[in-house]
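Chemist:
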Amino acid sequence: MSLSSLFSEKSFGELPGWDEDDHRAAYAAFRRSAFHVLTKPYRTGSLGVGFEAFAEAYQEARAVSLPNRAQARAFFERHFVPT
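Those letters in the sequence shown? Residues -7 to 75, by the working numbering.
(1) I need the boundaries of the alpha helix (DSSP H) containing leucine 30, first residue and last residue.
(2) Where does phenylalanine -1 fall in DSSP's three states?
(3) Inspect the beta-carbon positions of aspartate 14 and arginine 61 and report whether they are closer than 7 Å.
(4) On the three-pair Cβ rule with 8 Å, is the region 18 to 25 touching the region 40 to 56?
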């Protein structure tokens, strides 16, 4: 059984506190990982997804240093699907 088969897709609105949270700290952490993978590549499949699934989000995170609160939230909503 694959790891991804254990999860079901949700909407961001179903996540408790999503609308009230400030996602800038999570963005900053994700951005650090986007630079980290340039020197120590992510091992494809170790999280149940391939590296290429993160490529576009990593590229955008490296380009935008610290978005405002709404932009950080939109970043995660654009690149990820809650489960």
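For glycine and all other residues, C-beta sits at the position ideal for the given N, C-alpha and C. From a predicted model like this one, the values you see are computed outputs, not experimental measurements.
Modeler: Concretely, from the data shown:
(1) That run of the alpha helix (DSSP H) goes 16 to 31.
(2) DSSP, reduced to helix, strand and coil, places phenylalanine -1 outside both helices and strands of the structure shown, so it counts as coil.
(3) Yes. Within cutoff.
(4) Taking 8 Å as the limit for Cβ pairs, the verdict is that the region 40 to 56 does touch the region 18 to 25.
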